[in-house]
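Q: Supplied in structure tokens, the structure appears directly below.
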Amino acid sequence: MRTPHTAAVTAVAALAVTVLGTAPASADVGDGQVVVLHAAGSFDPSGTGGAWTYDPALVPAGARARVVSVSVAPAERTRTRLSVRGLLPDRAYGAHLHVSPCGALPAASGPHYQQVPDPAVPSVDPAYANPVNEVWLDLHTDARGRAVVRASNPWSYREVPASLVLHAQHTHTEPGRAGTAGARLACIDLR
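Below, the structure written as structure tokens:
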């Protein structure tokens, strides 16, 4: 159940994104804190504007993504939305929030953001690499290369993730492969 306070904090964050197009990384609202992450851009091999494509055959230059994530404390709720267009039609992609900013090399974004970090790296244990502990935004594009996907997590960020990475496949869940989703195809910095 949403409390009036939680609803007010969420409304303030949504209004900031709607009116400003972006929002501050965090703001105190009453006795809670809201973290708003927002990114929108066109993928490019040079990373112009903070959106990189590492495989233009699967994430064409000019394809676009928009990410909004709102994390509210003390309500312990994080909601994230990803919309894409210009990707390949009728294709599955994996997508996750990562701990480091994008860079010229796909590995620059580091591992997936985990609310409770796995002591083992890379994390392939389903006790840690799962859609409750991580933000998974796997998608399947329509005939025009568009998709919208949402994730809801029962916690507020302990640290702020820095990027969203598109992967070559939907995310695996089985032991030994949990959290893996194939090659890193593209990355967009969260601001």
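Using mature numbering (1 follows the signal peptide of the UniProt record, and there is no 0), the letters of the sequence shown map in sequence onto residues -27 to -1, 1 to 164. From the three backbone atoms N, C-alpha and C, an ideal C-beta is built for every residue, glycine too.
1) Would you mind reading off the limits of the beta strand (DSSP E) that contains residue 30?
2) If we ignore side chains and look at the alpha-carbon of each, how far apart do residue 119 and residue 150 end up?
3) Please report the straight-line C-alpha distance between residue 81 and residue 157, rounded to a whole angstrom.
4) What residues are listed by DSSP as bridge partners for residue 72?
5) Which residue marks the beginning of the beta strand (DSSP E) containing residue 168, and which one marks its end?
6) Expressed to the nearest angstrom, what Euclidean distance is found between the alpha-carbon atoms of residue 137 and residue 30?
7) Using the beta-carbon count (16 or more within 10 Å), is residue 91 buried or exposed?
8) Report the option in 117, 38, 148 and 93 whose CA atom is closest to the CA atom of residue 56.
9) Whole angstroms is fine: what's the gap from residue 146's alpha carbon to residue 99's?
10) Inspect the beta-carbon positions of residue 111 and residue 144 and report whether they are closer than 7 Å.
11) Span of the beta strand (DSSP E) holding residue 53?
12) How many Å lie between residue 127 and residue 34 at the Cα?
13) Whole angstroms is fine: what's the gap from residue 129's alpha carbon to residue 123's?
14) With distance defined between alpha-carbon atoms, name the residue in 89, 115 and 139 nearest to residue 132.
15) Check the C-beta distance from residue 12 over to residue 71 and give it rounded, since I have them as a contact under 8 Å.
16) Please classify residue 107: is it buried, with 16 or more other beta-carbons within 10 angstroms of its beta-carbon, or exposed?
17) Along the chain, where does the beta strand (DSSP E) that runs through residue 121 open and close?
18) If distances are taken between C-alpha atoms only, which option among 61, 76, 84 and 8 comes closest to residue 47?
19) Give me the Cα-Cα distance between residue -4 and residue 6, rounded to the nearest whole angstrom.
20) Excluding sequence positions up to five away, which residues of its chain have a Cβ less than 6 Å from the Cβ of residue 74?
A: By the coordinates alone:
1) As a first step, residue 30 must be located in the sequence shown, where it is residue number 57. Where residue 30 is concerned, there is no enclosing beta strand (DSSP E), given that its DSSP letter is neither H nor E.
2) The residue you call residue 119 lines up with position 146 of the sequence shown. The residue you call residue 150 lines up with position 177 of the sequence shown. Here the C-alpha atom of residue 119 lies approximately 27 Å from the C-alpha atom of residue 150.
3) Translated into positions along the sequence shown, residue 81 becomes position 108. Translated into positions along the sequence shown, residue 157 becomes position 184. One C-alpha to the other measures close to 10 Å.
4) Mapped onto the sequence shown, residue 72 falls at position 99. DSSP lists no beta-bridge partner residue for residue 72.
5) Residue 168 is absent from the structure shown; the chain starts at -27 and stops at 164.
6) Numbered from 1 along the sequence shown, position 164 holds the residue referred to as residue 137. Numbered from 1 along the sequence shown, position 57 holds the residue referred to as residue 30. Between residue 137 and residue 30, the C-alpha separation is close to 19 Å.
7) For this step, residue 91 is matched to residue 118 along the sequence shown. Label assigned to residue 91: buried.
8) For the purposes of this step, residue 56 is taken as the residue at position 83 of the sequence shown. When each option's Cα is compared against that of residue 56, the closest is 38.
9) To locate residue 146, count along the sequence shown from 1; it is residue 173. To locate residue 99, count along the sequence shown from 1; it is residue 126. It is roughly 6 Å from the alpha-carbon of residue 146 to the alpha-carbon of residue 99.
10) As a position in the sequence shown, residue 111 is number 138, starting the count at 1. As a position in the sequence shown, residue 144 is number 171, starting the count at 1. The Cβ-Cβ distance between residue 111 and residue 144 falls below 7 Å.
11) Indexing the sequence shown from 1 puts residue 53 at position 80. Residue 53 -> beta strand (DSSP E) spans 50 to 58.
12) On the sequence shown, position 154 is the one that residue 127 refers to. On the sequence shown, position 61 is the one that residue 34 refers to. Rounded to whole angstroms, residue 127 to residue 34 spans 35 Å at the Cα level.
13) On the sequence shown, position 156 is the one that residue 129 refers to. On the sequence shown, position 150 is the one that residue 123 refers to. Their backbone Cα atoms lie some 16 Å apart in a straight line.
14) As a first step, residue 132 must be located in the sequence shown, where it is residue number 159. Distances from the CA of residue 132 to each of 89, 115 and 139 were compared; the closest alpha carbon is that of 89.
15) Numbered from 1 along the sequence shown, position 39 holds the residue referred to as residue 12. Numbered from 1 along the sequence shown, position 98 holds the residue referred to as residue 71. About 12 Å; that fails the 8 Å criterion.
16) In the sequence shown, the residue the question calls residue 107 occupies position 134. Residue 107 should be labelled buried.
17) Translated into the one-based positions of the sequence shown, residue 121 becomes position 148. Residue 121 -> beta strand (DSSP E) spans 120 to 126.
18) On the sequence shown, position 74 is the one that residue 47 refers to. Just measuring C-alpha positions, the residue of 61, 76, 84 and 8 sitting nearest residue 47 is 8.
19) Sequence index remark: in the sequence shown, residue -4 carries index 24 (1-based). Sequence index remark: in the sequence shown, residue 6 carries index 33 (1-based). Confidence in residue -4 is poor, its pLDDT being 44 and thus under 50, which makes the residue's placement too unreliable to answer from.
20) Position 101 of the sequence shown, counting from 1, holds the residue named residue 74. Same-chain partners within the cutoff: 135, 136 and 162.
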